Amino acid sequence: MSELCWTGAGELARMMRAGEVSAREVVTAHLRQIEQVNPAVNAVVTLVAERALDEADEADRRWASRSERDGLGPLHGLPIAHKDTHDTAGIRTTYGSPLLSDNVPVTDELVVERLRGAGAITIGKTNVPVFAAGSHTVNPIFGATRNPYNLDRSAGGSSGGAAAALASGMHPLADGSDFGGSLRNPASFCNVVGLRPSPGRVATWPDLLPWSPLAVQGPMGRTVADVALGLSVLAGPDPRAPAALEHPGPELAQLGRPGQPAPELTGLRVAWAPDLGGRVVVDPEVTAALAPAAEVFTGLGARVEPACPDLTGADDVFRTLRAWRFAMAFGALAEAQPEGFSPQLLDNIDEGRRVSGADLARAEAAHTALYHRVRKFFTAYDLLLAPVSQVPAFPIEWRYPTEVAGQPMQSYLDWMASAYLISATGCPALSVPGGFTPDGLPVGLQIVGPHRGDLAVLRAGHAFEQVTRHGAVRPPVVAAAS
Numbered sequence: 231m232s233e234l235c236w237t238g239a240g241e242l243a244r245m246m247r248a249g250e251v252s253a254r255e256v257v258t259a260h261l262r263q264i265e266q267v268n269p270a271v272n273a274v275v276t277l278v279a280e281r282a283l284d285e286a287d288e289a290d291r292r293w294a295s296r297s298e299r300d301g302l303g304p305l306h307g308l309p310i311a312h313k314d315t316h317d318t319a320g321i322r323t324t325y326g327s328p329l330l331s332d333n334v335p336v337t338d339e340l341v342v343e344r345l346r347g348a349g350a351i352t353i354g355k356t357n358v359p360v361f362a363a364g365s366h367t368v369n370p371i372f373g374a375t376r377n378p379y380n381l382d383r384s385a386g387g388s389s390g391g392a393a394a395a396l397a398s399g400m401h402p403l404a405d406g407s408d409f410g411g412s413l414r415n416p417a418s419f420c421n422v423v424g425l426r427p428s429p430g431r432v433a434t435w436p437d438l439l440p441w442s443p444l445a446v447q448g449p450m451g452r453t454v455a456d457v458a459l460g461l462s463v464l465a466g467p468d469p470r471a472p473a474a475l476e477h478p479g480p481e482l483a484q485l486g487r488p489g490q491p492a493p494e495l496t497g498l499r500v501a502w503a504p505d506l507g508g509r510v511v512v513d514p515e516v517t518a519a520l521a522p523a524a525e526v527f528t529g530l531g532a533r534v535e536p537a538c539p540d541l542t543g544a545d546d547v548f549r550t551l552r553a554w555r556f557a558m559a560f561g562a563l564a565e566a567q568p569e570g571f572s573p574q575l576l577d578n579i580d581e582g583r584r585v586s587g588a589d590l591a592r593a594e595a596a597h598t599a600l601y602h603r604v605r606k607f608f609t610a611y612d613l614l615l616a617p618v619s620q621v622p623a624f625p626i627e628w629r630y631p632t633e634v635a636g637q638p639m640q641s642y643l644d645w646m647a648s649a650y651l652i653s654a655t656g657c658p659a660l661s662v663p664g665g666f667t668p669d670g671l672p673v674g675l676q677i678v679g680p681h682r683g684d685l686a687v688l689r690a691g692h693a694f695e696q697v698t699r700h701g702a703v704r705p706p707v708v709a710a711a712s
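Here you go:
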């Protein structure tokens, strides 16, 4: 039964549709894994075990009914714990804030609606920082999520609970969100895969700023093929999401399936930017872990050379628009009840209050110029490779790294620039397991594609992981709990 917890999402779905295993067996195995491992990791913070088993029984009844079997969804019977910032009807959703510690939504958020509509079974919620602000998952309600590869280290954030749960075998597929790296950073820290899709690829609702390209939602998994499967369910337009893109195509769900040819990388033009053109400081252990990546792509037939798009203005674009968004979303609530917010989020809200119309105009003009420079860059290159995070997972008691490679970080955001600078470009970006430090901490490789080039990014990531197999290394916490 325990090996079901390490079977990929796509293979589990196939097995259940073929009658090789029941949904109740799959859900039961994952609930046992949560019981064994979660006390050490603290990734799943709200568990709905009885509801999940009831849904598993209903899934098995539907499979047994020949008249209903053909209508089973692509995620039929798969257990999923949703990010605790994604509203789930009838299930506690706290956003990591004491202000919402007893909040039980009456409707599902669109990302949850789509996963459940595809047959997924909700088993609970995964931990987040307060209001998902920051790349270290800790909050006053549930405490900190620990890294399965070293329990004294951070799992990253804001989708840190989701990443740690995936890495620990607690569920095979997850949802998340990404503003400045919240799908990519925890994937890097926890040796799983996280995709920041193109803006609009995954329709979001409800959304305070549905036209903004900075905040996106997307899938996480232990393999690129599973992430592609998740995206095939999540992607597509919805009338409530005005900036949504059309579905990228059914071929997403085929990536990595048995009988499918390996993605072809011969002739691909790949840019390698280990410090994003000198714009970020990177820990030497991260640089060393990722150094072989360029050789892997060369061995796959790609032409790799040092290059980076001109990211001038990206920092100002991200910080200005992020602060403004936080002030608009949380300003009134933070003023009335500041105790429900983390210190860094209160700082960001205060900064947002000072953003003027002229500041917004400057940021939007710079955003447009950045878009066109990056667009032109990707006429010369097909992909960009860079670190996801500038540091390996840091000690869990830290608020954030105050220095990287001996260089002081001036603010909470500085150490995350390798991820958030890419957010500002509007490009899809994948975090795929890229190697380990000498101490065994995972390091993620960031694969960035041209605007709306989600499928190209996934294909390259799938080819890379087939050669390196870094993601197959299970964390020590699993063996300790066995």
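Take the sequence shown: its position 199, counting from 1, is numbered 429 in our numbering, and each next residue is one higher.
From the three backbone atoms N, C-alpha and C, an ideal C-beta is built for every residue, glycine too.
Nothing here was measured: the structure is a model prediction, and the numbers come from that model.
1) Below 8 Å between beta carbons: does that hold for Arg552 and Phe361?
2) By a C-beta neighbour count over all protein chains shown, 10 Å radius and 16 as the cutoff for buried, is His260 buried or exposed?
3) Which word fits His602, buried or exposed, when buried means at least 16 other C-beta atoms lie within 10 angstroms of its C-beta?
4) Between which two residues does the beta strand (DSSP E) carrying Thr496 extend?
5) Please classify Pro573: is it buried, with 16 or more other beta-carbons within 10 angstroms of its beta-carbon, or exposed?
6) Jot down the residue ranges of each uninterrupted alpha helix (DSSP H) in the stretch 602-667, minimum 4 residues, whole runs only, in chain order.
7) Starting from the C-beta of Ser418, find all residues in its chain whose C-beta is less than 6 Å away, skip the five residues before and the five after it, and write them out in chain order.
8) Where do the ends of the alpha helix (DSSP H) carrying Val457 lie?
9) Taking only the alpha-carbon atoms, compute the straight-line gap between Ala241 and Thr375 and give it to the nearest angstrom.
10) Using CA coordinates, which residue listed in Val697, Gly301, Glu250, Thr237 is at the minimum distance from Leu530?
11) Classify Arg296: buried if its beta carbon has 16 or more other beta carbons within 10 angstroms, exposed otherwise.
12) For Glu476, which residues in the same chain have their Cβ closer than 8 Å to its Cβ, ignoring the five residues on either side in sequence?
13) Run the CB neighbour count on Ala253, radius 10 Å, all protein chains shown included, and call it buried at 16 or more, exposed below.
14) Apart from the five residues on each side of it in sequence, which residues of its chain come closer than 6 Å, Cβ to Cβ, to Arg682?
15) Mapping the DSSP letters down to three states, classify Thr258 as helix, strand or coil.
16) Check whether the stretch 298-312 touches the stretch 346-364, counting contact only when three or more Cβ pairs, one atom from each stretch, lie closer than 8 Å.
17) Using the Cα positions of Glu288 and Pro402, report the straight-line distance between them to the nearest angstrom.
18) In terms of DSSP beta bridges, what is Thr356 paired with?
19) Keeping to the same chain, check which residues put their C-beta closer than 8 Å to that of Asn380; ignore five residues upstream and five downstream.
20) My assumption, with CB atoms under 8 Å, is that Ala273 sits in contact with Met400. Please give the rounded CB distance.
21) Take Leu234 and list the residues in its own chain whose beta-carbon comes closer than 8 Å to its own, dropping the five residues that flank it on each side.
22) What are the complete alpha helix (DSSP H) segments, minimum 4 residues, inside the stretch 680-704?
23) Within the chosen definition, does the stretch 543-558 reach the stretch 592-601 through at least 3 CB pairs nearer than 8 Å?
24) At the level of alpha carbons, what is the spacing between His366 and Glu298?
25) Please report the Cβ distance between Pro378 and Glu569, rounded to the nearest whole angstrom; I am assuming they are in contact, meaning their Cβ atoms lie under 8 Å.
26) Return the bridge partner residues of Ser331 from the DSSP annotation.
27) Return the CA-CA distance between Arg244 and Gly307, expressed in angstroms with no decimal places.
28) List the whole-angstrom C-beta distance separating Tyr650 from Tyr642, where the pair is believed to meet the contact cut-off of C-beta under 8 Å.
29) Between the C-alpha atoms of Met790 and Asp589, what's the straight-line distance to the nearest angstrom?
30) Just the Cα atoms here: how many angstroms apart are Pro472 and His692?
31) At what residues does the alpha helix (DSSP H) containing Arg414 begin and finish?
32) Is the beta carbon of Leu464 closer than 8 Å to that of Val448?
33) In this structure, does DSSP put Gly424 in helix, strand or coil?
34) With DSSP run on the structure shown, which of helix, strand or coil describes Met400?
35) Among Thr496, Asp612, Arg584, Gly387, which residue has its Cα nearest to the Cα of Pro539?
36) Let's see if you can read the secondary structure: which residues bound the alpha helix (DSSP H) around Val516?
With the given structure in hand:
1) no
2) buried
3) exposed
4) No beta strand (DSSP E) holds Thr496; DSSP gives it neither H nor E.
5) exposed
6) 647-655
7) Val618, Ser619, Ser661, Gly674
8) 454-464
9) Sequence inspection shows Glu at residue 241; the Ala mentioned does not correspond to that position. When rounded, the distance between both Cα atoms is 28 Å.
10) Val697
11) exposed
12) Gly466, Pro467
13) buried
14) Ser428
15) helix
16) yes
17) 20 Å
18) Val274, Lys313
19) Ala623, Asp669, Gly670, Leu671, Pro706
20) 6 Å
21) Leu242, Val251, Glu255, Val256, Ala259, His260
22) 684-698
23) yes
24) 43 Å
25) 31 Å between Cβ atoms; not a contact.
26) Its beta-bridge partners do not exist; DSSP assigns none.
27) 10 Å
28) That belief does not hold up - the Cβ atoms of Tyr650 and Tyr642 are roughly 11 Å apart, past 8 Å.
29) The chain is shown only over 231 to 712; residue 790 falls outside these bounds and no answer can be derived.
30) 31 Å
31) 414-420
32) Note that residue 448 is Gly in the sequence shown, not Val. Closer than 8 Å, so yes.
33) strand
34) coil
35) Asp612
36) 514-520
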